[in-house]
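Each residue of the sequence shown is one higher than the one before, starting from 85 at the first, in the numbering used here. Each residue gets a CB set at the ideal place from its N, CA and C atoms; glycine is no exception. Report on the structure given below.
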Amino acid sequence: MTLLAFVWLALLIVDLTAGLSSFWQTVSNLIWVLSILDFLLALLVAPDRTRYLRANLLTAFSLLLPALRILKIFRAFRALRLLRATRSINLLRLLTSLNRGLKAVGGAVRQRGLGYVVLLTTILTLGGAAGMLAFERSQTPGGPGLNTYPEALWWTAMLMTSLGSDYWPVSLEGRLLTFLLALYALAVFGYITAAIASLFIDQDRKQAPLGGSNPSSLETELRAIRQELNALRAERTGQQDP
Numbered sequence: 085m086t087l088l089a090f091v092w093l094a095l096l097i098v099d100l101t102a103g104l105s106s107f108w109q110t111v112s113n114l115i116w117v118l119s120i121l122d123f124l125l126a127l128l129v130a131p132d133r134t135r136y137l138r139a140n141l142l143t144a145f146s147l148l149l150p151a152l153r154i155l156k157i158f159r160a161f162r163a164l165r166l167l168r169a170t171r172s173i174n175l176l177r178l179l180t181s182l183n184r185g186l187k188a189v190g191g192a193v194r195q196r197g198l199g200y201v202v203l204l205t206t207i208l209t210l211g212g213a214a215g216m217l218a219f220e221r222s223q224t225p226g227g228p229g230l231n232t233y234p235e236a237l238w239w240t241a242m243l244m245t246s247l248g249s250d251y252w253p254v255s256l257e258g259r260l261l262t263f264l265l266a267l268y269a270l271a272v273f274g275y276i277t278a279a280i281a282s283l284f285i286d287q288d289r290k291q292a293p294l295g296g297s298n299p300s301s302l303e304t305e306l307r308a309i310r311q312e313l314n315a316l317r318a319e320r321t322g323q324q325d326p
């Protein structure tokens, strides 16, 4: 199920950027059905079902959203030209799918170190780029907005590194997603910087501990000092004897 969570997230990214073929849409629906069965089984065996459901509300919500596509509500939105509603539902799909992906990472990576944070940041960057392209796609080739997924990925990467760019989103969903990504980047950027600095400091300490001497040379010097002290003590003892 952890692997299927990543596959489902990848299919969502493709769906938001280029659309899914009928085959991959069937694969996505199959993963969705398996995820529902897994969630219901976990809910059935949970000691406290109410508590489990409260702790996994986003997961339950993410499993309900694909039903809108099956019920052809998306097509009704397009027919009525309710683009705002379509974008809002796509934003909910993206956020809930990212939540499932982050939970899958947490279950697969036990040690919560720098590698764990980098993996989370990578997933958020890839998913966020797909969302930004869906919400901020340029209406005309070369016009204002994001034209391709690589361009959206570059824009999102610059946002995650706190560098930013000349373009800023105009849609409500794009602005909300930008705020969430920037908030995550602000919270995690300091941690990543501190972790990298700590790695360099630890490496310097291993290469040159205590002023540049290695442990073997220090041990040799201490042994020589001890021998000199013993010799001086023996010499002083000999001079005091009549």
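Got a sec, what are the start and stop residues for the alpha helix (DSSP H) residue i sits in?
i	result
residue 236	233 to 244
residue 105	Neither: residue 105 is in no alpha helix (DSSP H) and is coded neither H nor E.
residue 130	No alpha helix (DSSP H) holds residue 130; DSSP gives it neither H nor E.
residue 200	198 to 219
What did DSSP end up calling residue i once you bin it into helix, strand or coil?
i	result
residue 230	strand
residue 163	A caution first: residue 163 carries a pLDDT of 48, below 50, which makes its placement in the model too unreliable to give a value.
residue 294	With a pLDDT of only 48 at residue 294, under the threshold of 50, the placement of this residue in the model should not be trusted; the figure read from the coordinates follows. Residue 294 falls in the coil class under three-state DSSP.
residue 254	coil
residue 140	coil
residue 282	helix
residue 350	Nothing in the structure corresponds to residue 350, since the chain is present only between 85 and 326.
residue 119	helix
residue 112	helix
residue 146	helix
residue 181	helix
residue 88	helix
Taking the alpha carbon of residue i as the reference point, which residue from the options has its own alpha carbon closest?
i	options	result
residue 262	202, 236, 87 and 113	236
residue 185	97, 284 and 315	97
residue 283	312, 197, 319 and 308	197
residue 100	216, 200 and 270	216
residue 187	130, 307, 306 and 86	86
residue 268	204, 253 and 307	204
residue 26	106, 116 and 102	Past the edges of the chain, shown from 85 to 326, lies residue 26, and the structure says nothing about it.
residue 223	199, 206 and 254	254
residue 206	273, 259, 251 and 258	273
residue 246	306, 258, 271 and 304	271
residue 176	260, 102, 309 and 311	260
residue 228	234, 238 and 251	251
Quick check: residue i and residue j, are their CB atoms within less than 8 angstroms of each other?
i	j	result
residue 211	residue 256	no
residue 278	residue 243	no
residue 112	residue 146	no
residue 136	residue 127	yes
residue 220	residue 230	yes
residue 174	residue 218	yes
residue 276	residue 201	yes
residue 114	residue 104	no
residue 123	residue 143	yes
Assuming residue i and residue j form a contact by the criterion Cβ under 8 angstroms, report the distance between their Cβ atoms to the nearest whole angstrom.
i	j	result
residue 240	residue 213	4 angstroms
residue 119	residue 88	7 angstroms
Consider the Cβ of residue i: report whether some Cβ of chain B lies at a distance smaller than 8 angstroms.
i	result
residue 87	No chain B is part of this structure, which consists of one protein chain only.
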